[in-house]
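As structure tokens, the structure follows; a few thoughts come after it.
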Amino acid sequence: MTSTPIAFKDALNELDDRRIKVVRPLIPPQILVEEYPLTMTAAQTILKGRRATEDIIKGDDDRLVVIVGPCSVHDVKAGLEYAARLKSYADEATQDLHIVMRVYFEKPRTTVGWKGLINDPNLNGSYQINKGLKLARGLLLEVANMGLPAGTEFLDTISPQYTADLISWGAIGARTTESQVHRELTSGLSMSVGFKNGTDGSIDIAVDAIKAASSPHVFLSVTKQGISGIVETKGNDACHVILRGANSGPNYSPQHIKDVSGRLKKAGLRTKVMVDCSHGNSEKKHENQTKVVDSLVQQLSEGETGDNIVGVMLESNLVEGKQSIPPSGPQDLKYGQSVTDACINWETTVSALNKLRQGVQARRQKVRSRAASGDLNGSLASSISSLKEGINDAFLATHDSANGVGSGFNDQHLATLGKNVQ
Numbered sequence: 005m006t007s008t009p010i011a012f013k014d015a016l017n018e019l020d021d022r023r024i025k026v027v028r029p030l031i032p033p034q035i036l037v038e039e040y041p042l043t044m045t046a047a048q049t050i051l052k053g054r055r056a057t058e059d060i061i062k063g064d065d066d067r068l069v070v071i072v073g074p075c076s077v078h079d080v081k082a083g084l085e086y087a088a089r090l091k092s093y094a095d096e097a098t099q100d101l102h103i104v105m106r107v108y109f110e111k112p113r114t115t116v117g118w119k120g121l122i123n124d125p126n127l128n129g130s131y132q133i134n135k136g137l138k139l140a141r142g143l144l145l146e147v148a149n150m151g152l153p154a155g156t157e158f159l160d161t162i163s164p165q166y167t168a169d170l171i172s173w174g175a176i177g178a179r180t181t182e183s184q185v186h187r188e189l190t191s192g193l194s195m196s197v198g199f200k201n202g203t204d205g206s207i208d209i210a211v212d213a214i215k216a217a218s219s220p221h222v223f224l225s226v227t228k229q230g231i232s233g234i235v236e237t238k239g240n241d242a243c244h245v246i247l248r249g250a251n252s253g254p255n256y257s258p259q260h261i262k263d264v265s266g267r268l269k270k271a272g273l274r275t276k277v278m279v280d281c282s283h284g285n286s287e288k289k290h291e292n293q294t295k296v297v298d299s300l301v302q303q304l305s306e307g308e309t310g311d312n313i314v315g316v317m318l319e320s321n322l323v324e325g326k327q328s329i330p331p332s333g334p335q336d337l338k339y340g341q342s343v344t345d346a347c348i349n350w351e352t353t354v355s356a357l358n359k360l361r362q363g364v365q366a367r368r369q370k371v372r373s374r375a376a377s378g379d380l381n382g383s384l385a386s387s388i389s390s391l392k393e394g395i396n397d398a399f400l401a402t403h404d405s406a407n408g409v410g411s412g413f414n415d416q417h418l419a420t421l422g423k424n425v426q
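For the sequence shown, position 161 (counting from the first letter as 1) is numbered 165 according to our numbering, and the numbering increases by one without interruption.
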């Protein structure tokens, strides 16, 4: 049987992009950076946030890092209201807690679903990614201008070029901790990064990730100008494990933390861990986050594992619970309520944060008592590190602005977002 000859053009169509529907232009990172330039106020906030976080992770600051905020940001107005409330509380709690707002724009999905503000800012399947990137950078700039540091999860090697200069702490999620690409990315990030244990509960992949990210790497990425490039990194020595529970159950108990700290020590790494109160540790019930907090406070106050707890994560929003995007569109969403994972409300959040403050104060007193009795050799991390003021003016840039975007949800904020403080 003879085969029918294929025309060259048809052959090319079969060989390349066979399953690609369309490719649209993506705004280069530098254009967005120039449209939403870093302010002196924002730069101070971000650098102070990074230094404080790193000092705590490395044991030079005895406070607790608390990453708290919505599971994901879908409504810019609600996100800014939450940030204003959190900033007010953070100022009151600064002696005990270093508070970083959780500002997540991208959501890894087990199967399918809304992938976040960057991917679909209109929440309607229109995928106006250029608009989403503008909203994300503008919101981060607005939060930093308030004086509140922000943390986020990094899902790919391209989007950090648009937002990483505005981030004080980063996370690599349970589904991507084992990914070589994400370990390489982390090795070049300018902030502390937490690696979550796997969804199966595996700690070894997070330990391996920290070791890998601490080393230099060479990999492919894009430049600020949007051109493909070869990136050489120096390695990131400010990484840590995040215990987020597993499909089989929680992993925040004293025994769990003791075991993980032991593994980290054996691997030659810092024994400090952060605990995610949501996800597997809450058994996917948002109200259980307070139970996790209670356990951590007890460990901080009394347990031998308290010294190894450097951070806590909370999923919190203005309104409790979660909701689905209605068929009628995002305009009918309940204001201040999550469209991804369920969250605790603001009042419950304040209560949880107050408990964590008490835990830190009790741990501090415990350390002082042990030092007075001669149990400690030298000074432990019991003093708040002084943070240097000022940054280099080279961080700041003001240039021209660029492209418009599609219309939809959140549009009313595009014109002024991140541009109110000079």
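We put the beta carbon where it would ideally sit given N, CA and C, even for glycine.
Determine the direct distance from the alpha carbon of residue j to that of residue i, and round the result to whole angstroms.
i, j, result
"Thr-45", "Leu-145", "10 angstroms"
"Leu-360", "Val-314", "11 angstroms"
"Ala-15", "Ser-286", "53 angstroms"
"Ile-209", "Leu-152", "31 angstroms"
"Leu-42", "Gln-48", "10 angstroms"
"His-290", "Ser-225", "37 angstroms"
"Asp-79", "His-244", "30 angstroms"
"Asp-336", "Lys-276", "43 angstroms"
"Gly-230", "Ser-92", "38 angstroms"
"Leu-36", "Ala-376", "54 angstroms"
"Ala-82", "Tyr-339", "7 angstroms"
"Gln-34", "Leu-421", "18 angstroms"
"Ser-130", "Ala-217", "35 angstroms"
"Glu-268", "Phe-12", "Correcting the residue identity first, residue 268 is Leu in this sequence and not Glu. So the alpha carbons of these two residues sit roughly 57 angstroms apart."
"Asn-255", "Lys-215", "22 angstroms"
"Thr-180", "Gly-378", "44 angstroms"
"Asp-21", "Thr-161", "22 angstroms"
Let me know if residue i comes out buried or exposed under the rule of 16 or more other beta-carbons within 10 Å of its beta-carbon.
i, result
"Ser-252", "exposed"
"Val-222", "exposed"
"Asn-240", "buried"
"Asn-149", "buried"
"Phe-413", "buried"
"Ser-196", "buried"
"Ser-232", "exposed"
Taking Cβ to Cβ, would you say residue i is nearer than 7 angstroms to residue j?
i, j, result
"Leu-470", "Tyr-86", "The requested residue 470 does not occur in the structure, where the chain is confined to residues 5 to 426."
"Leu-68", "Leu-101", "yes"
"Ala-271", "Glu-58", "no"
"Asp-345", "Glu-319", "yes"
"Ala-178", "Arg-248", "yes"
"Ser-172", "Arg-274", "no"
Can residue i be considered in contact with the ligand ZN, in the sense that its beta carbon sits closer than 6 angstroms to one or more heavy atoms?
i, result
"Asp-280", "Among the ligands in the structure shown, none appear at all, so the ligand ZN cannot be discussed."
Is DSSP giving residue i helix, strand or coil here?
i, result
"Ser-386", "For Ser-386, the predicted model reports a pLDDT of 38, less than 50, meaning its position is unreliable; a value from the coordinates is still stated below. Coil at Ser-386, not helix or strand."
"Arg-106", "strand"
"Phe-158", "coil"
"Ile-31", "coil"
"Ile-329", "coil"
"Lys-392", "Since pLDDT at Lys-392 reaches only 32, below the 50 mark, its modelled position is unreliable, and the value read off the structure follows with that caveat. Residue state, collapsed to three classes: coil."
"Met-44", "helix"
"Ser-405", "Caution applies to Ser-405, whose pLDDT of 35 falls short of 50 and renders its modelled position unreliable; the model cannot decide the point."
"Glu-308", "helix"
"Asp-280", "strand"
Please determine if the region 325 to 335 and the region 363 to 375 are in contact, where contact requires at least 3 C-beta pairs separated by less than 8 angstroms. Segment contact: the region 325 to 335 against the region 363 to 375, fewer than three CB-CB distances shorter than 8 angstroms; contact not assigned.
Would you check if there are 3 or more beta carbon pairs closer than 8 angstroms linking the region 97 to 115 to the region 152 to 172? Using a C-beta cut-off of 8 angstroms, the region 97 to 115 makes contact with the region 152 to 172, since at least three inter-stretch Cβ pairs fall below that distance.
Would you call the region 115 to 125 and the region 18 to 34 touching, i.e. three or more CB-CB distances under 8 angstroms? Between the region 115 to 125 and the region 18 to 34, the count of Cβ pairs shorter than 8 angstroms is below three; the stretches do not touch.
How about the region 350 to 367 and the region 58 to 76: do they share at least three Cβ pairs that are nearer than 8 angstroms? By the Cβ test, the region 350 to 367 is in contact with the region 58 to 76, since at least three Cβ pairs between them sit closer than 8 angstroms.
Inter-stretch contact (C-beta, 8 angstroms, three-pair minimum) for the region 258 to 271 and the region 197 to 217: Yes, the region 258 to 271 touches the region 197 to 217.
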